[in-house]
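Numbering (full-length UniProt numbering), first residue to last: 1 to 134. Here a beta-carbon is modelled for each residue, glycine too, at the ideal position from N, C-alpha and C. A quick note: this is a predicted structure, and the numbers were derived from the prediction, not measured. Right, one structure below, let's go through it.
What follows is the structure in C-alpha cells.
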C-alpha cells in the first residue's frame, strides 16, 4: 500500500497471485510509476520477506526505499493510521487477493476523498492536486 506522506494519498496494489516477492515487486513498481515523477521520492517498508526484491523495485520505479527497524511500527505512523482506516473496509487478516483491482481502487478513492485532520481537514485528493499545480 503506497501512501504519499505529504498528502496522505493512498494507492492500493492488486496482487491476485498473493504476496510473493515477485508479485509485490512488479505490483509496487507498476503502481508507483503511475504517480507523477515529482511525487516519487521514497518508500518506507517493514522488514517483511515480501520486499526481498526491493533493489529491483528501486530500479523499476525510480524510487528510494528505506526499511523500518524491526518491531518499530511508529517509524511508519501514517501507514499505521491508514491500516486502521482500511480495516473499516477489510477486516484484519482478510485475503485482499480475493478483491478485484477495481474494488481496491474504489476503497483508495474513498480514502483519498476523506478529509484528514493532519491535512487541516482537506482531502488527500485536493492536497495532491494543489501540489501538482505548483
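- The straight-line gap separating the alpha-carbon atoms of residue 110 and residue 59 is approximately 30 Å.
- In the DSSP assignment, residue 74 falls outside any beta strand (DSSP E), carrying neither H nor E.
- Look at residue 52 here: in three-state DSSP terms it is coil, with no helix or strand label.
- DSSP assignment within the UniProt domain "Integrase catalytic" (1 to 132) yields the following whole alpha helix (DSSP H) runs of 4 residues or more, N-terminal first: 21 to 32, 54 to 61, 77 to 86 and 101 to 112.
- When the Cα atoms are used, residue 85 and residue 99 turn out to be separated by approximately 17 Å.
- Rounded to the nearest whole angstrom, the CA to CA distance from residue 44 to residue 105 is 21 Å.
- Taking a C-beta distance under 9 Å as the contact criterion, residue 73 and residue 52 do not qualify as a contact pair.
- Nearest in C-alpha terms to residue 107, of all of 30, 89 and 115, is 89.
- Per the coordinates, the alpha-carbon of residue 92 lies some 9 Å from the alpha-carbon of residue 83.
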